[in-house]
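Since the structure comes first, as structure tokens, the remarks are kept for the end.
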Amino acid sequence: MTDHLRSRRAKNYASVALVRLFVRGIHLRGNKLGRHALLRVALATAVAAGGIVSTGAPAAAAGDVIIATEPADQVEQAERSRVRRIATRDYRPEVTAEAWHAILSSRGAEAIREFLDSGYQKAKTRAAETVARNTRYIGDVNRFSIPGSAVRATSSRVLLGSDSEKADYVQNGLAKAQELDRINDNRYDEKIAVQARADRDYVTELAAHDPGPQVRAAAGRALSVGDDVAIGLFFKYYWASAAKLDDEAFRRNTTDLNAVWHSKIRLLTEAALAAEKAERESSGELARKARADAIAAWRSIDDQASQSSVDWAAERDKAAAQAAAWAGVAAHARAATTGQDWASVIARAEQGNTSWADEAEWALQQAGAWQAIAAQARANAAAATDRDRGDQ
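For the sequence shown, position 74 (counting from the first letter as 1) is numbered 81 according to our numbering, and the numbering increases by one without interruption.
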């Protein structure tokens, strides 16, 4: 287990313990500590556990004991943690640079919030423009290159590759291919030994059962060509490239979904707190109307957070399937005796297993954190319902 993973688990266990402590406090100290105050602290604790953007319930009555750590501080820490994850895990240089700029800014929380509100989307737009520009450029290079040349072969491969591979080709790969053509007088013939039947069977297995859609597609293309060169090229180039596409797609999709979920919960929480504030500051029918609005908002948070937990559990299953698949690849490679570069396959498989296991652990923690948010929202809705009964 990596130090990074141990740190995550330690934080998760600590947060779960705190939530349990607060829940126990509701039963043992309910007469001394206001229910809303406890709910606010527990909700803030759940925020810290999973990086959820939310705030607590309304302030407790005078004389209640309040924990020193403010929910606003917990929210700020959670948002900074989200941005740091983007800075360290996103594959797009434009996005990571913008995230680090926010983290290191002297404006602190203001810069973090600005990144989450608008900077992230702007950075993604710039990254997409770079990808489109690189793709057009490589397409032009491929179209006007000499058949059989290194430039033709490498540009054809990279057009099917990931965004980062395209960027690397524009910066470095094209020049290397041009140098090969200069040395070989534009005669570039990929020499791959005849592949054993076992290798073809393994590609068939990947085409049918690999959890990554891009890997399945690449394996299928190699099989559809049918010759030994296509199988060899899959092992040498296309497998790794397709795996990177699957990895980038997973990270991009989960980051974008997380941003949407956080935004929804933040808006609903603000609405719930505003309604409860209106309830406290009014009476009679106006107070009942505000309380009904608060109950509706808390229940919406419960629904959204519960669904987010289900969605994160599904993402965890995807990542776990990838981790298991790469463990299987490593086992196959260690036992293989054909002429492929199995040492490189083993290294790639071990790295893939570790990376996907880390993603699965992260998704599992997120699912648990959203469950905690849903539970606290239900408690807030129940508390408001109790107040409504007492007012009748």
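Where is the CB? At the ideal position from N, CA and C, for every residue including glycine.
Among the options, the one whose alpha carbon lies nearest that of residue i
{"i": "Arg323", "options": "Arg99, Val102 and Ala374", "result": "Ala374"}
{"i": "Ala205", "options": "Ala285, Arg306 and Phe242", "result": "Phe242"}
{"i": "Tyr98", "options": "Ala85, Ala174 and Thr142", "result": "Ala174"}
{"i": "Ala338", "options": "Ala354, Val82, Gln178 and Ala370", "result": "Ala354"}
{"i": "Arg164", "options": "Ala237, Val352 and Lys271", "result": "Ala237"}
{"i": "Asp2", "options": "His216, Ala381 and Arg159", "result": "Outside the displayed span of the chain (8 to 399) sits residue 2, for which this structure offers no information."}
{"i": "Ala386", "options": "Ala342, Leu371 and Ala303", "result": "Ala303"}
{"i": "His108", "options": "Val90, Ala225 and Phe257", "result": "Val90"}
{"i": "Val352", "options": "Ala250, Asn179 and Glu83", "result": "Ala250"}
{"i": "Ser119", "options": "Val222, Glu136, Ala94 and Glu277", "result": "The amino acid occupying residue 119 in the given sequence is Ile; Ser does not appear at that position. Comparing Cα positions, the closest option is Ala94."}
{"i": "Tyr127", "options": "Val232, Ala266 and Thr261", "result": "Ala266"}
{"i": "Asp253", "options": "Ser169, Ala104 and Ala320", "result": "Ser169"}
{"i": "Arg273", "options": "Asp318, Gly115 and Leu123", "result": "Leu123"}
{"i": "Val317", "options": "Ala370, Ala343 and Ala331", "result": "Ala370"}
{"i": "Leu167", "options": "Val222, Glu121 and Arg114", "result": "Val222"}
{"i": "Gly180", "options": "Arg207, Pro154 and Asn149", "result": "Asn149"}
{"i": "Ala104", "options": "Arg140, Val232, Arg114 and Lys129", "result": "Lys129"}
{"i": "Gln178", "options": "Gln358, Asp395 and Asn141", "result": "Asn141"}
{"i": "Ser290", "options": "Gly239, Leu280, Asp395 and Ala320", "result": "Asp395"}
{"i": "Ser171", "options": "Thr261, Ala256 and Ala331", "result": "Ala256"}
{"i": "Ser125", "options": "Ser270, Ser113, Val158 and Val232", "result": "Ser270"}
Cutoff 6 Å; reference residue i; Cβ partners in own chain excluding five residues on either side
{"i": "Ala75", "result": "Residue placement at Ala75 cannot be trusted, given a pLDDT of 36 that sits under 50; the coordinates are not used to answer."}
{"i": "Ser315", "result": "Trp268 and Trp377"}
{"i": "Gln329", "result": "Pro218 and Trp363"}
{"i": "Arg42", "result": "Below a pLDDT of 50, predicted positions are generally treated as unreliable, and Arg42, at 41, falls in that range; the measurement from the model is reported next regardless. For Arg42, where only same-chain residues beyond five positions count, the Cβ hits under 6 Å are Ala390."}
{"i": "Gly227", "result": "Ala214"}
{"i": "Leu111", "result": "none"}
{"i": "Ala106", "result": "Val90, Ile93 and Ala94"}
Neighbourhood of residue i by C-beta, 7 Å cutoff - its chain only, sequence neighbours within 5 removed
{"i": "Leu230", "result": "Val210, Thr211 and Ala214"}
{"i": "Ala384", "result": "Trp305, Ile308, Asp309 and Ala312"}
{"i": "Tyr244", "result": "Arg164"}
{"i": "Tyr144", "result": "Val177"}
{"i": "Ala69", "result": "Low per-residue confidence applies at Ala69: pLDDT is 32, beneath 50, and the placement is therefore not dependable, though the value from the model is reported in the following sentence. Hits under 7 Å: none found."}
Residues of its chain near residue i, where Cβ-Cβ distance is below 8 Å and the 5 sequence neighbours each way are ignored
{"i": "Arg133", "result": "Glu101"}
{"i": "Ala7", "result": "For the chain, the structure presents residues 8 to 399; residue 7 sits outside this window and is missing."}
{"i": "Ala327", "result": "Trp363, Ala364 and Ala367"}
{"i": "Arg258", "result": "Arg96, Asp97, Tyr98 and Glu366"}
Cutoff 8 Å: residue i Cβ touching any chain C Cβ
{"i": "Ala328", "result": "The chain labelled as chain C is not found in the depicted structure, where only one protein chain is given."}
query = Fully enclosed by the segment 212-266, which alpha helix (DSSP H) runs are 4 residues long or longer?
reply = Under the rule that a run must span 4 or more residues, the alpha helix (DSSP H) segments found entirely inside the segment 212-266 read 220-232 and 235-240.
key: Contained beta strand (DSSP E) runs [length at least 3] in the segment 123-189, N- to C-terminal order   = The segment 123-189 contains no complete beta strand (DSSP E) run of 3 or more residues.
query = Counting Cβ pairs, one atom from each stretch, are 3 or more of them under 8 Å apart for the segment 343-350 and the segment 288-298?
reply = no
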